[in-house]
Amino acid sequence: MSNVTAKEDILSLLHKVKTGELAPEQAVGLLRTEPFSDLGYAKVDHHRALRQGVGEVIFGSGKTPEQVAGIISSLSKNGARNILVTRISQQTADFITKSNIALIYHPIPQLGIAMPCEERPKAGSIIVASGGTSDMAVCEEAALTAETLGNQVTRLYDVGVAGLHRLLARLEIINEARVIIAVAGMEGALPSVIGGLVSCPVIAVPTSIGYGANFAGLSALLCMLNSCASGVSVVNIDNGFGAGYIASRINQMKGV
Numbered sequence: 000m001s002n003v004t005a006k007e008d009i010l011s012l013l014h015k016v017k018t019g020e021l022a023p024e025q026a027v028g029l030l031r032t033e034p035f036s037d038l039g040y041a042k043v044d045h046h047r048a049l050r051q052g053v054g055e056v057i058f059g060s061g062k063t064p065e066q067v068a069g070i071i072s073s074l075s076k077n078g079a080r081n082i083l084v085t086r087i088s089q090q091t092a093d094f095i096t097k098s099n100i101a102l103i104y105h106p107i108p109q110l111g112i113a114m115p116c117e118e119r120p121k122a123g124s125i126i127v128a129s130g131g132t133s134d135m136a137v138c139e140e141a142a143l144t145a146e147t148l149g150n151q152v153t154r155l156y157d158v159g160v161a162g163l164h165r166l167l168a169r170l171e172i173i174n175e176a177r178v179i180i181a182v183a184g185m186e187g188a189l190p191s192v193i194g195g196l197v198s199c200p201v202i203a204v205p206t207s208i209g210y211g212a213n214f215a216g217l218s219a220l221l222c223m224l225n226s227c228a229s230g231v232s233v234v235n236i237d238n239g240f241g242a243g244y245i246a247s248r249i250n251q252m253k254g255v
């Protein structure tokens, strides 16, 4: 059987499963492949949610406003909602809304949620902690990503090691978390400190915040990679989206 490419194909596939012509495992195998829409400048994946549990996320940096709007339109025509659009400017956000596409735009992390729908109940407990207020853009990208994917998020901002008592004052909340995202620039020590206090996974996010020898986040990245606290993993510099995404997966695992 060829790839499943339309609603009618899916209904036909389900009918064959019902009548016994096709095994459920075979149907799942077919549904895991195409369809995608070829827009010329992008091949939009309409079955990503089926394969991965989360639909396609649009990385806006480097794309024109017209391209971003076109990808959103293609996804929405196939039923996608709460479409995450990362790293877009206010100009791009304005273009999208002027194109009659519903969009909630958050200027600090430069993140949009297109075709928003009613909020579903939030699961578990993810904490996003920051070393300083200057890290807020990355923190918000992580927090909003996790919230959009259906997670309960608590923000603990400006609790870095320069004033450790600020973090220790929130130990009760920290110990209830299923996952903690620790965001820090400068020397990047916060994840190691948190990792030594909790039993849950800690996702470290180095940021490009810091003075010259910070090397645009490289020093924080190396510090986090060399953490002596067990249970700390590290994503790329300023990658709040990546941290929020993997935190969601951990938080929503069965049995966690």
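Position one of the sequence shown corresponds to residue 0 (numbering that gives the first Met the number 0), numbered consecutively onward. Every residue gets a Cβ at the ideal spot worked out from N, C-alpha and C, and that includes glycine.
(request) Taking phenylalanine 256 as part of the beta strand (DSSP E), name the residues at either end of that continuous run. (result) Residue 256 lies beyond the range of the chain shown here (0 to 255); nothing can be said about it.
(request) Could you check which residue in Ala188, His46, Lys62 has the C-alpha nearest to that of alanine 128? (result) Nearest of Ala188, His46, Lys62 to alanine 128, Cα basis: Ala188.
(request) Give, in chain order, every unbroken run of the alpha helix (DSSP H) that is at least 4 residues long and sits entirely within the segment 27-87. (result) If we require 4 residues or more, the alpha helix (DSSP H) runs fully inside the segment 27-87 come out as 47-51, 64-76.
(message) Measuring only the C-alpha atoms, how far is proline 286 from alanine 141?
(response) The chain is shown only over 0 to 255; residue 286 falls outside these bounds and no answer can be derived.
(request) Go through its chain and collect everything with a Cβ distance to serine 207's Cβ below 7 angstroms, but skip five positions before and after it. (result) Excluding residues within five positions, the ones whose Cβ falls inside 7 angstroms are Gly184, Ala215, Gly216, Ile236, Asp237.
(request) Spatial neighbours of serine 1 within its chain, please: CB distance less than 7 angstroms, with the 5 preceding and 5 following residues excluded, ordered by chain position. (result) Since pLDDT at serine 1 reaches only 37, below the 50 mark, its modelled position is unreliable, and the value read off the structure follows with that caveat. Excluding residues within five positions, none has a Cβ falling inside 7 angstroms.
(request) Return helix, strand or coil for threonine 206, following the three-state DSSP convention. (result) If DSSP states are grouped into helix, strand and coil, threonine 206 belongs with coil.
(message) At 4 residues or longer, what runs of the alpha helix (DSSP H) sit wholly inside the segment 217-247?
(response) Positions of the alpha helix (DSSP H) runs, each at least 4 residues long and wholly inside the segment 217-247, are given as 217-224 in order along the chain.
(request) Just mark proline 205 as buried or exposed, buried being the case when its beta carbon has 16 or more other beta carbons within 10 Å. (result) Proline 205 should be labelled buried.
(request) Could you name each continuous beta strand (DSSP E) segment of 3 residues or more that falls completely within the segment 120-187, going from the start of the chain to the end? (result) Here the runs fully enclosed are 122-129, 150-155, 178-183.
(message) Please state the DSSP three-state secondary structure of leucine 110.
(response) The DSSP-derived three-state label of leucine 110 is strand.
(message) So isoleucine 112 and asparagine 81 are supposed to be a Cβ contact under 8 angstroms. How far apart are they, rounded?
(response) The beta-carbon separation of isoleucine 112 and asparagine 81, rounded to 6 angstroms, stays under the 8 angstroms limit for a contact.
(message) Excluding the 5 residues flanking alanine 203 on each side, which residues of the same chain have their C-beta closer than 6 angstroms to its C-beta?
(response) Closer than 6 angstroms at the Cβ level, and outside the excluded window around alanine 203, lie Ala181, Pro190, Met223, Val231, Val233.
(request) Measure the C-alpha to C-alpha separation of lysine 62 and proline 34 and round it to an integer number of angstroms. (result) Distance between lysine 62 and proline 34, taken at the CA atoms: about 23 angstroms.
(message) With distance defined between alpha-carbon atoms, name the residue in Arg119, Val197, Gly241 nearest to phenylalanine 58.
(response) Looking from the CA of phenylalanine 58, the closest CA among Arg119, Val197, Gly241 belongs to Gly241.
(message) Taking DSSP's pairing of strands, which residues face valine 201 in a bridge?
(response) Under DSSP, valine 201 shares a beta bridge with Ile179, Val231.
(request) Throw me the rounded Cβ distance for the isoleucine 71 and valine 53 pair, which I believe falls under 8 angstroms. (result) Between isoleucine 71 and valine 53 a beta carbon distance of about 16 angstroms is seen, past the 8 angstroms cut, so the two are scored as non-contacting.
(message) Assuming leucine 102 is part of the beta strand (DSSP E), what are its boundary residues?
(response) Leucine 102 -> beta strand (DSSP E) spans 102-105.
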